[in-house]
């Protein structure tokens with residue numbers, strides 16, 4: 001015979017408290033409840049394997065607690081994994097539940113997912129389609145956008161940096177580093193993964209911006225795949241040789257590595273003939289031969305937390321994110 005599903009009254013009885021106290025603890029509103037009492041409630045929840053009703057919680061609060069994050073099925077990245085984990089943990093600390101979808105809104109219909117769950121807010125890591133934006137607006141679900149570019153001069157002179165602006169800055173830092181090292185024939189090596197194209201284009205924009213300020217242009221701009229046994233990297237290095245390239249800004253460390261390997265196979269010395277710089281400062285970068293120079297950075301996730309939480313607690317349009325205190329720095333190694 002199946003075990004009866006525990007109710008909030010069962011938790012209250014086990015912990016020796018009222019149902020109101022149980023509700024306050026489980027809804028992260030226990031600021032005035034003694035720590036010992038809070039622990040008793042959580043212990044009772046664990047012992048009884050109690051699962052609160054999402055529907056009942058929504059009725060009580062007038063708002064759900066689900067944050068739906070829409071990502072794309074991009075190349076694996078330890079930095080992306082860290083960002084998703086950080087966002088999920090920090091939202092949990094605010095009493096919210098973070099759900100990720102790697103296809104909805106990009107390769108599968110967002111509407112289909114919204115038939116199954118009703119989030120309090122949607123956080124896309126890519127530019128949603130016009131139809132999806134209209135649908136969310138009609139449903140009254142606020143959106144906190146990461147990829148929406150902003151005109152920095154247009155909003156009270158504040159140094160606004162949203163996700164896309166952050167990518168531009170990454171490219172700018174890469175190019176400026178190579179320029180300061182004396183490179184004047186700089187190329188960009190991007191990714192052939194379609195889902196990363198928006199991010200890549202913003203980084204290229206940053207590289208071009210730095211070169212234009214120095215009176216230069218890209219001598220080459222192309223993309224490689226990580227899934228063709230090095231063929232695209234081989235062809236790319238041949239193009240770089242023809243362009244007499246002396247500096248490469250790579251989309252990230254994983255795309256810098258095959259370029260560096262192919263360059264050495266073709267007799268190009270790194271960094272004497274060609275300097276190469278990546279992005280992400282992946283752990284493996286320090287062990288490449290030569291060790292890869294890369295860009296490291298603080299997570300920009302905290303800049304969005306307040307806006308996400310505010311959107312969950314209000315039906316009003318989320319306020320723009322006006323600050324991003326994340327910093328970038330070059331991890332200088334042998335490749336550049």
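Residue numbers (UniProt numbering): 1 to 336. Ideal Cβ positions, reconstructed from N, Cα and C, are used throughout, including at glycine.
Query                                                                                                                  : Result
Span of the beta strand (DSSP E), counted from its first residue to its last, around residue 296                       : 294-297
Candidates 198, 203, 197 and 185, of which the one nearest residue 174 by Cα                                           : 203
Where residue 259 falls, given that 16 or more other Cβ within 10 Å makes a residue buried                             : buried
Residue 213 to residue 181 span [Cα, whole Å]                                                                          : 16 Å
Sub-9 Å separation of residue 124 and residue 146 beta-carbons                                                         : yes
Contact check, residue 284 vs residue 331, beta carbons under 9 Å                                                      : no
Spatial neighbours of residue 305 in its chain, beta-carbon cut-off 6 Å, leaving aside the 5 residues before and after : 90
Residue 336 in three-state terms, based on DSSP                                                                        : coil
Where residue 40 falls, given that 16 or more other Cβ within 10 Å makes a residue buried                              : buried
Residue 267 Cβ short of 8 Å to the ligand NAD heavy atom set                                                           : Of ligands this structure carries none, so the ligand NAD is not represented either.
6 Å Cβ shell around residue 262 - same chain, five flanking residues per side excluded                                 : 233, 234 and 237
Rounded C-alpha distance that separates residue 23 from residue 143                                                    : 28 Å
Straight-line gap, residue 109 to residue 80 (C-alpha atoms, nearest Å)                                                : 23 Å
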